[in-house]
Structure formats: C-alpha cells, structure tokens
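Let me begin by presenting the structure, written as structure tokens, before commenting on it.
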Amino acid sequence: MLKFKKAIVTGGSSGIGHALVNILLNAGVEVVSLARSRADFSGHLHADNLWQISCDICDEANLEAAFQEISDKWDYCDVLFSNAGFGISGTVASTEKEQIIKQFDVNFFSAVTVIQNCLPLLRKAPHPRIVLTSSVAGEISIPYQTFYSASKASLNFLALALNTELKSDEIKTIAVMPGDCQTQFTERREKNPETWACYARSEERSISKMEEDERNGYPPEFVARSLYRYARKERPKALYGVGFTYRFLLLAYKLLPLRLSSWVVSKMYG
Ligand SMILES: NC(=O)c1ccc[n+]([C@@H]2O[C@H](COP(=O)([O-])OP(=O)(O)OC[C@H]3O[C@@H](n4cnc5c(N)ncnc54)[C@H](OP(=O)(O)O)[C@@H]3O)[C@@H](O)[C@H]2O)c1
C-alpha cells in the first residue's frame, strides 16, 4: 500500500469528505480541503496539518486562486480526492436546462477543472492518484435522478480515459462508486417542484424510497475508508464499488441481461 504525505480533498466540509479528511489527518497526511464552508476540526489532534480554503469549485477564478495559494506552499500533491457533489431529482420531462447545467457544473465540469488545476502538482508526486467520488448511480441509471446518474456516469468515463491520457506521468485515476450513505446529501437534494401530474405519484414514491435507503445507508466513515484504501493500492483499477452489497449489485447488473436488470431497477425505483 502506498503512503501519502499531501492530499487535496474537495467537499471536505461535510459527509464523506469530512470523514475522509479525518482519516487522512489520523494517517499523518497534510490535507487541503476545498469547500464553500469550513468545518470545525479544531478538536482534532492533527488539526495543524489541515488547511481549509473556502472555495466554490464552480467559480473558475476562485478555484485558480485557491490552487495558486496551494502551489505557493506545496511543491507536489500525492493525491486529489475530487469528492464535492450534490444531487437533483425530477422527471426528465420537467427538468429545466438550467438545473441540468448546474448538476453537471458541480459534479462533472468542476471536477475536470479541479483536475486541470491540480495536474502540475500531481505530476511531481512519486505515485500520483486522482480519486473521483462517483456513485452506483453512475453505472445504474436511476429514474427521476437521471441527470445525477448521467453526471456520475461521466465521471466513470473520465476515469477510464484519464488512465490512458496520463499514463506517461504514471497518474492513476480511480472512480469510486458508493451506494446509499447517511450524509447531508439527502437533505441537500434539489427536488424539482414542477412535475407533470401523470408522473407525480411514481416520482414521489421513487424519491421517498431513495431517501429512506440513504438514511439507512452506510456511515460516511465506511465510504471514506474505502476511498482511502483504493487510493493507496499500487495497481488500482479504474472503477470500484463500495461494500459487499453494492459490489455484488454492480456485478449482477453487468452480468444479467439488460432487459432483466432494467426491470429490477424499474421495480425498485419506478
Ligand atoms: N450520500 C450518498 O448517498 C452518496 C452516494 C453516492 C455518492 N455520493 C457522492 O459523495 C460525494 C460527497 O457527498 P456527501 O454524501 O458527503 O454529501 P454532503 O454531506 O452534502 O457533502 C457534499 C460536499 O460537497 C461540497 N460541495 C458541494 N458543492 C460545492 C461547490 N460548488 N464548491 C465546493 N464544494 C462543494 C460541500 O461543501 P460546501 O457546501 O461547504 O461547499 C460538501 O462538503 C458527492 O459527490 C456525492 O454525489 C453520495
């Protein structure tokens, strides 16, 4: 397993990212956390190793300034955890283009910009890693969360392509696909209030089920431990599930005939 000295985490202010920052600090890693808000880590034994920069990753100037600050202090960065994200829900029929763009802006376009800004630092590390927090929804398209799913599927594609593009620098990119997890993600989901009456009942049923599953999902610490473990692998794969149940689900989804797996998803979230 690799040992890291310096890590950058986007979305370290809450949920999975917050748990990840804790794990990294406990492992003696110096951490920069980029998020719009700052979390209180003052009680942490290694709080001195944490540098929180308030930054909206969708604001390119803000992001560039943050990376300038980091580059002024750091010569390299071992690992970038691109983890910040959120979800929208609603029918395809009634989701405004503006909402779809916002979904992709936070979850995908900004992840790309973060990577672009971080590359000069990563290239100077001995075993650089980029870890993207994707989702099971990136492999299995979830009805009424279509654009969230599509944004996470884009991250999976990004990981697959980057492993070839960045091969000469030995930078490995890993997209990790957690399933349901108990974080503020559920309360922060932006639900489209507009819907067509004919789809309203199934949409409501689907999102309520998803919310219940998330509230009973894995604790963020569990997911964060997996992110950290996959990042430290000497020869990581491009895509990983998190936890036995979701890894089994992802495998079954791949092996079953598409008609059957689509029927199961439709029964669960249709
Ligand atoms: N919870 C789940 O069930 C689940 C399942 C699969 C995948 N995921 C993924 O896991 C990742 C972390 O989510 P979470 O569950 O830990 O939810 P969370 O508690 O809501 O955390 C989201 C993090 O993203 C940051 N963020 C959001 N928009 C940002 C922006 N524009 N600029 C900078 N930071 C931003 C937030 O910080 P600020 O608000 O302070 O900016 C926060 O730290 C997300 O990518 C999510 O899609 C979650």
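The opening position of the sequence shown corresponds to residue 152 in my numbering, with each subsequent residue numbered one higher.
Ideal placement from N, C-alpha and C gives every residue a C-beta, glycine not left out.
Candidates the options: closest to residue i by CA position
{"i": "A288", "options": "F237, M152, D320", "result": "F237"}
{"i": "N258", "options": "C209, I291, L273", "result": "C209"}
{"i": "G394", "options": "K384, V374, S412", "result": "V374"}
{"i": "Q203", "options": "F336, A190, A244, A389", "result": "A190"}
{"i": "K303", "options": "D256, L272, K224", "result": "D256"}
{"i": "F298", "options": "R352, S240, P277", "result": "S240"}
{"i": "L401", "options": "S286, D320, R380", "result": "S286"}
{"i": "P279", "options": "S359, K157, I291", "result": "K157"}
{"i": "A326", "options": "A276, I358, Y391", "result": "Y391"}
{"i": "G162", "options": "A235, E211, D223", "result": "A235"}
{"i": "S319", "options": "V183, K360, R274", "result": "R274"}
{"i": "G179", "options": "D199, A276, A186", "result": "D199"}
{"i": "E290", "options": "Q335, F399, Y404", "result": "Y404"}
{"i": "E355", "options": "Y420, Y379, K224, P408", "result": "Y420"}
{"i": "F155", "options": "L409, A382, T396, V415", "result": "A382"}
{"i": "E365", "options": "E345, S377, T334, R380", "result": "T334"}
{"i": "T337", "options": "T396, G368, E345, Y397", "result": "G368"}
{"i": "N314", "options": "R352, K323, S164, M328", "result": "K323"}
Cβ neighbours of residue i in the same chain (closer than 8 Å, five flanking residues each side left out)
{"i": "H195", "result": "N173, L176, L201"}
{"i": "C269", "result": "I159, F218, C228, L231, I281"}
Enclosing beta strand (DSSP E) for residue i [first to last residue]
{"i": "M328", "result": "323-328"}
{"i": "Y391", "result": "390-392"}
{"i": "V282", "result": "280-284"}
{"i": "A158", "result": "157-161"}
Host alpha helix (DSSP H) of residue i (start-end)
{"i": "I167", "result": "166-177"}
{"i": "V416", "result": "409-420"}
{"i": "A276", "result": "That residue, A276, is in no alpha helix (DSSP H); it is neither H nor E in DSSP."}
{"i": "L313", "result": "297-316"}
Neighbourhood of residue i by C-beta, 7 Å cutoff - its chain only, sequence neighbours within 5 removed
{"i": "A244", "result": "W347, Y350"}
{"i": "N213", "result": "C206, D207"}
{"i": "K276", "result": "This sequence places Ala at residue 276; Lys is not what is there. The answer, listed in chain order, is Y227, C228, D229."}
{"i": "E385", "result": "L153"}
Other residues of its chain near residue i: CB distance less than 6 Å, five sequence neighbours each side excluded
{"i": "T246", "result": "N343"}
{"i": "S300", "result": "A288, S292, I293"}
{"i": "A170", "result": "P371, E372, A375"}
{"i": "D331", "result": "D364, E365, G368"}
Cβ-heavy atom distance, residue i to ligand 3, below 7 Å
{"i": "A382", "result": "Ligands displayed in this structure: ligand 1; ligand 3 is not among them."}
Check your understanding: What alpha helix (DSSP H) runs, 4 residues minimum, are completely inside the segment 185-273?
Key -> 211-224, 248-255, 261-273
Point to revise | alpha helix (DSSP H) runs wholly inside the segment 327-401, at least 4 long, in chain order | key: 336-339, 348-366, 371-382
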